[in-house]
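Heads up: the structure comes next, in structure tokens.
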Amino acid sequence: MNTDRLIAVLAADAAPVGPHVVEWRIASALSIAACGAVALLLLSYGVRADLAALVATPIFWAKLAFALTMAGAALVATARLSRPGVAVGRVWAALVVPAAIALPVALVVLWLAPRDARAALLLGNTWRTCSLNIALLSVPGLIAILAVVRSLAPTRLHLAGAMAGLFAGAIGTAAYCLRCPETSVPFWATWYLLGIAIPTLVGALVAKKALRW
Numbered sequence: 001m002n003t004d005r006l007i008a009v010l011a012a013d014a015a016p017v018g019p020h021v022v023e024w025r026i027a028s029a030l031s032i033a034a035c036g037a038v039a040l041l042l043l044s045y046g047v048r049a050d051l052a053a054l055v056a057t058p059i060f061w062a063k064l065a066f067a068l069t070m071a072g073a074a075l076v077a078t079a080r081l082s083r084p085g086v087a088v089g090r091v092w093a094a095l096v097v098p099a100a101i102a103l104p105v106a107l108v109v110l111w112l113a114p115r116d117a118r119a120a121l122l123l124g125n126t127w128r129t130c131s132l133n134i135a136l137l138s139v140p141g142l143i144a145i146l147a148v149v150r151s152l153a154p155t156r157l158h159l160a161g162a163m164a165g166l167f168a169g170a171i172g173t174a175a176y177c178l179r180c181p182e183t184s185v186p187f188w189a190t191w192y193l194l195g196i197a198i199p200t201l202v203g204a205l206v207a208k209k210a211l212r213w
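For the sequence shown, the UniProt record's numbering gives the first residue as 1, with consecutive numbering after it.
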């Protein structure tokens, strides 16, 4: 069988791909990540008893904006890394922006605070569990996002896996804002980022097997 004949046989049953298949699959992964994180939050921890009062405070929206901004940038980066030959481009800069804003603010808050209050601002009451809780809430999203990324034939596996983990971690962080009792900027700028870093690392580590197609 010559090459032209082989190509014709392989392409005989090929069907056209919808114009928005990538967007639909990423959207489905986003839905699973968000619903899974919220469901796991409700089943495992529940929301804050004073959530109604909390949503009236600027700090709640600052934390949520931090998580959602990172999730939005990670969503775009994940979609681009899921397709061969598509550059991530300026999205890399957008991924850095939330941390680039939160961390300097956290340092200023610590600098201006009395020396004996700095540890409490940084550690709060839940530093031992915060990052692990975020990592747990990211699990449904990480599984769904990795499955979708694999179906879109990525070629930069470790990078795509890391970005899928970051995406899931940011969604898990947004859900955790409904539970987290901490309001100090140094606290969440540190432990939220660490919580996001855990699924990011897991995504990169499992990418070679999870994303091979």
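Don't be surprised by glycine CBs; every beta carbon is placed ideally from N, CA and C.
Around the beta-carbon of glutamate 23, fewer than 16 other beta-carbon atoms lie within 10 Å, marking it exposed. Close CB contacts of arginine 83 within its chain, under the 8 Å cut and outside five residues either way in sequence, are with Val22, Leu152, Ala153 and Pro154 (chain order).
If you draw a straight line from the Cα of glycine 89 to the Cα of alanine 71, it comes to about 17 Å.
In chain order, Arg48 and Phe60 place their CB closer than 7 Å to the CB of leucine 54, counting only its own chain and leaving out the 5 sequence neighbours on each side. Taking the CA atoms as reference points, leucine 166 sits about 16 Å from tryptophan 188. In the displayed model, threonine 78 falls within a helix according to three-state DSSP. The Cβ atoms of valine 148 and isoleucine 26 lie closer than 8 Å to each other. The continuous alpha helix (DSSP H) containing threonine 129 extends over residues 127-137. Every unbroken stretch of the alpha helix (DSSP H) spanning 4 or more residues and falling wholly within the region 179-212 is given here in chain order: 185-210.
Counting along the chain, alanine 33 sits inside the alpha helix (DSSP H) bounded by residues 21-44.
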